[in-house]
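*Asks:* Numbering (our numbering), first residue to last: 20 to 201. Built from N, CA and C at the ideal position, the CB exists for glycine as well. Supplied in structure tokens, the structure appears directly below.
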Amino acid sequence: QKLYGAFTPRRLSAEELRDTLLTLSGSLNQVIPEGHPFPKGRGFSQHNPFRANYEHTHRSVYLMVQRIQRRPLMALFDGADPNASTGQRRLSNVPTQALYFLNNEFLHTHATGLAKQLAATQDAGARIHRAHTLALGRPATPVELAEAREFITAYTAAADEPKAWAAWCRVLLSSNEFLFVE
């Protein structure tokens, strides 16, 4: 029997990141999809390639992958390259990944979904602890609890409470602790 006391932190892959965001927002569709939704007229050629992206809430393993055009999340977070076989993916840490969490509609939608799920809990402290448990796998520390309350109070004064919770969820989901599995 071996006991492990430490684990090298590992960043979530692009597919894991997408699936986790769908799960946290409560929008993950666990039904296996049927086929690809290609349009009826298939007049595609070298000069008129197929370039549509079909969004769905199924697991990332069911995403339609095009060699000519990669999805922004998959390209930015080092998703598999459909043009090459690789035994191991390279990992990058670039500023555009942080900007994705600030500006991308996909993340905003799923952070809002997480905030709506948290709204079922009336107590703000319990909401914060639940969000930390869901996203980070641990309850919030007293310092994090105080900072979250301060953020939500200040944001609510400038906008409204649902927007404040959604913004705080974006902050939580953009943390390194969310992106890395320990």
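(1) Since I believe R86 is in contact with N102 (beta carbons under 8 Å), could you give me their beta-carbon distance rounded to a whole number of angstroms?
(2) Exposed or buried, what is I147 when buried is set at 16 or more other beta-carbons lying within 10 Å of its beta-carbon?
(3) To the nearest angstrom, how far is it from the Cα of D38 to the Cα of W184?
(4) Classify V109: buried if its beta carbon has 16 or more other beta carbons within 10 angstroms, exposed otherwise.
(5) To the nearest angstrom, report how far apart E201 and L31 are at their CA atoms.
(6) Roughly how many angstroms separate the alpha carbons of A173 and G62, rounded to a whole number?
(7) How big is the Cα-Cα spacing for H151 and P58?
(8) L47 and T27 look like a contact to me (Cβ under 8 Å); what is the Cβ gap, rounded to whole Å?
(9) Measure the C-alpha to C-alpha separation of Q49 and L164 and round it to an integer number of angstroms.
(10) What are the residues that DSSP puts in a beta bridge with V11?
*Replies:* To lay it out plainly:
(1) With 8 Å as the limit, N102 and R86 qualify as a contact, their Cβ atoms being about 5 Å apart.
(2) Under this definition I147 is a buried residue.
(3) Cα to Cα, D38 sits roughly 21 Å from W184.
(4) Going by the sequence as given, residue 109 is Arg instead of Val. It counts as exposed.
(5) Taking the straight line from one Cα to the other gives about 10 Å.
(6) A173 and G62 have their alpha carbons spaced roughly 54 Å apart.
(7) If I take the Cα positions, the gap works out to 42 Å.
(8) Not a contact, Cβ separation roughly 28 Å.
(9) If I take the Cα positions, the gap works out to 33 Å.
(10) This structure cannot speak to residue 11, because the chain is shown only from 20 to 201.
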